[in-house]
Amino acid sequence: MDEKREECGVVAVISKNKKPVAPLVYRGMVGVQHRGQDAAGMVLYDGSFYKKKGMGLVSEVIGDVDLSQPHWAGIAHTRYPTTATATIKDVQPSVSGSLAVAHNGHIANYWELRKELEEKKYVFEGTVDSEVILYLLTERLREGASIKEAVLSAMEKLDGAYSVVGIYDRKLFVFRDPHGIRPLVYGENEGNFVFCSESTSLDMNGVPYGGSVGPGELIIIDENGERKDGALLDKGARHCMFEYVYFSRPDSIINGRLVEHVRKELGRQLAEESAVEADLVIPVPDTARSAALGFAQATGIEYTEGIIKNRYVGRTFIMPDQESRIRAVRMKINPIKKVIEGKRIVVFDDSIVRGTTIKEVISMLRACKPKEIHLRITCPPIMSPCFYGVDMPTFEELIANNKSVGEIEKYLGVDSLHYISLGGLKKVVGEKSCFACVTGEYLTPAAAKEAKERRNRNGSHKC
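Sequential numbering from 135 applies to the sequence shown in this note's numbering.
Structural data, given as structure tokens:
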């Protein structure tokens with residue numbers, strides 16, 4: 135509940151017959167609104183660019199004038215800031231000359247690449263990673279390289295996770311990092327090609343799901359609807375497991391799998407690992423619902439909505455201090471006392487990060503006087519920050535980095551605590567995933583180097 139955040143979602147649309155795409159882009163943005171709610175931007179194209187960016191929700195940024203534009207291609211972005219001080223300068227897409235790009239992910243060697251580009255006289259407006267991608271591509275394109283050559287050159291320099299959508303030379307292009315860490319799916323119908331972070335954006339446009347862009351793959355669609363694609367630098371798929379555990383909508387298809395089904399399997403796996411005698415299974419809304427249902431189906435324990443979420447309260451992570459965030463949690467959720475009182479309950483949540491929010495949830499449940507509280511978590515203990523696009527705390531803030539499972543159980547005040555095992559998680563989401571935040575084993579050199587430096591600087595340890 136707001137202790138971890140995805141940084142963004144992307145959308146790209148091109149018409150096969152040069153019809154306006156602004157409404158499709160808009161609906162696609164709404165489809166990934168959950169991935170970024172602090173800012174939104176879109177760039178439309180018909181030989182020249184039309185740009186619209188703003189702070190706030192998609193519906194607050196994009197207006198009727200924007201939707202009436204005649205442009206036949208467009209890319210868009212919804213954003214969470216990596217800090218509370220993000221400004222309009224950091225809102226994507228990023229544009230330079232005749233090139234526009236937007237991305238989902240994080241460039242681990244951003245500052246190193248930025249310094250090199252600044253020495254070559256490239257001027258950065260903000261601190262968003264997409265500007266580094268923009269200028270790496272620009273540098274090669276100015277030298278006469280093709281889009282394919284420019285993208286391959288960028289891939290060889292970038293370290294991290296990136297799913298990129300772009301427009302250049304009357305073409306729409308998209309590509310994914312060599313491990314395919316962050317999601318990027320596509321679909322097409324008679325009139326349009328659509329690319330997006332999640333298939334929900336396809337659904338909102340009535341476009342059939344076509345598949346996922348592969349690791350290190352580049353796809354180019356020209357103004358006539360002709361498609362060219364191919365893997366440029368495939369280092370083996372390592373999809374982010376957290377997309378299944380937490381971030382993606384349950385109705386999304388990610389890397390060919392329906393998230394709802396995966397989460398139910400996580401619950402069933404936990405039933406195998408940590409069955410307990412209880413009266414009710416209760417999810418912490420919203421992302422734990424599917425897993426809780428899977429656990430309930432596997433154990434025969436009754437599933438119920440014992441915690442109700444108030445959807446009209448602002449996001450708690452922007453509160454100035456922890457005391458304010460705790461008060462906000464009490465405004466955001468409310469346990470149903472008459473359902474919980476006197477019962478042995480199994481509470482489901484997707485993960486524990488700092489532990490402060492779930493501690494407050496448990497405190498609220500205790501006030502309802504249940505007989506027992508058993509906590510089940512669909513992600514193993516989070517030991518390390520993410521350098522691939524998930525905004526997570528530092529080493530010293532991660533509760534699993536400072537307390538054993540037994541100590542966390544005692545700190546939270548539950549009768550039992552069980553995290554899904556790493557083996558169990560791998561069994562459900564697949565071995566070809568990124569587990570860096572729970573293993574500390576990073577996929578790329580710059581991320582591994584940053585993690586090592588932070589560990590040494592913070593003196594963090596596992597108890």
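Every residue, glycine too, gets a C-beta built ideally from N, C-alpha and C.
Bounding residues of the alpha helix (DSSP H) (the contiguous stretch that carries residue i)
i: P157; result: A156 to G165
i: A412; result: Careful: A412 lies outside any alpha helix (DSSP H) and carries neither H nor E.
i: A288; result: I281 to K291
i: K187; result: First-last for K187: F183 to M189, but that is the beta strand (DSSP E), not the alpha helix (DSSP H).
i: Y179; result: Looking at the DSSP string, Y179 is not in any alpha helix (DSSP H); the run it does join, the beta strand (DSSP E), is A173 to Y179.
i: Y244; result: Y244 to E253
i: F327; result: Where F327 is concerned, there is no enclosing alpha helix (DSSP H), although the beta strand (DSSP E) it sits in stretches over N326 to C330.
i: A432; result: R423 to T433
i: Y208; result: Strictly speaking, residue 208 in this sequence is Gly, with Tyr absent from that position. That residue, G208, is in no alpha helix (DSSP H); its beta strand (DSSP E) goes A207 to R213.
i: D337; result: T334 to M338
i: T490; result: T490 to R500
i: T272; result: S264 to R276
i: E543; result: V539 to L546
i: E194; result: V192 to V195
i: D198; result: D198 to L201
Counted within 10 angstroms of its Cβ, other Cβ atoms place residue i as buried (16 or more) or exposed
i: A467; result: The identity of residue 467 in the sequence shown is Ile, whereas the question assumes Ala. Buried: at least 16 other Cβ atoms inside 10 Å.
i: E411; result: exposed
i: G165; result: buried
i: N535; result: buried
i: R372; result: buried
i: I452; result: Reliability fails at I452, whose pLDDT of 42 lies under 50, so the model's placement of it is uncertain and the value that follows must be treated cautiously. Exposed, because fewer than 16 other Cβ atoms sit within 10 Å of the Cβ of I452.
i: I267; result: buried
i: R310; result: buried
i: A295; result: buried
i: E265; result: buried
i: V257; result: exposed
i: T217; result: Low per-residue confidence applies at T217: pLDDT is 47, beneath 50, and the placement is therefore not dependable, though the value from the model is reported in the following sentence. T217 comes out exposed.
i: P504; result: buried
i: I222; result: exposed
i: R213; result: buried
i: V480; result: buried
i: E584; result: buried
i: T272; result: buried
i: K398; result: buried
i: H595; result: Confidence in H595 is poor, its pLDDT being 34 and thus under 50, which makes the residue's placement unreliable; the coordinate value appears in the next sentence. Counting Cβ neighbours within 10 Å, H595 comes out exposed, since fewer than 16 surround it.
i: D224; result: buried
i: M465; result: exposed
i: G523; result: buried
i: A580; result: buried
i: A501; result: exposed
i: K477; result: buried
i: D293; result: buried
Residue j beta carbon less than 8 Å from that of residue i
i: R510; j: L404; result: yes
i: V347; j: H237; result: no
i: P527; j: P515; result: no
i: S386; j: S424; result: no
i: G188; j: A173; result: yes
i: N339; j: G162; result: yes
i: D263; j: I241; result: yes
i: G350; j: D368; result: yes
i: V415; j: Y437; result: yes
i: L546; j: G489; result: yes
i: V341; j: G321; result: yes
i: I355; j: L318; result: no
i: I441; j: C374; result: no
i: A115; j: S149; result: This structure cannot settle anything about residue 115, because the visible part of the chain is limited to 135 through 597.
i: D483; j: V548; result: no
i: K186; j: V195; result: yes
Counterpart residues of residue i in DSSP-defined beta bridges
i: Y296; result: G239
i: N468; result: I442
i: G345; result: Y320
i: D363; result: I353
i: F482; result: P417 and R510
i: L392; result: I387
i: I302; result: The sequence given here has Tyr at residue 302, not Ile. Looking at the DSSP assignment, Y302 forms a beta bridge with K305.
i: A234; result: V229 and I301
i: C374; result: C568
i: R461; result: According to DSSP, which records beta bridges pairwise, R461 is partnered with nothing at all.
i: F437; result: The sequence as given places Tyr at residue 437; Phe does not occur at that position. V415, per the DSSP bridge assignment.
i: R310; result: S297
Residue range of the beta strand (DSSP E) that includes residue i
i: R510; result: E506 to I511
i: S230; result: S228 to S230
i: S550; result: S550 to Y553
i: K560; result: Counting along the chain, K560 falls outside any beta strand (DSSP E), though it belongs to the alpha helix (DSSP H) covering L556 to V563.
i: G143; result: C142 to S149
Nearest-angstrom beta carbon gap, residue j and residue i [assumed within contact, 8 Å]
i: E494; j: V463; result: 5 Å
i: V159; j: A210; result: 5 Å
i: T512; j: A409; result: About 15 Å; that fails the 8 Å criterion.
i: L532; j: V572; result: Between V572 and L532 the Cβ distance is about 10 Å, and since that is not below 8 Å, they are no contact.
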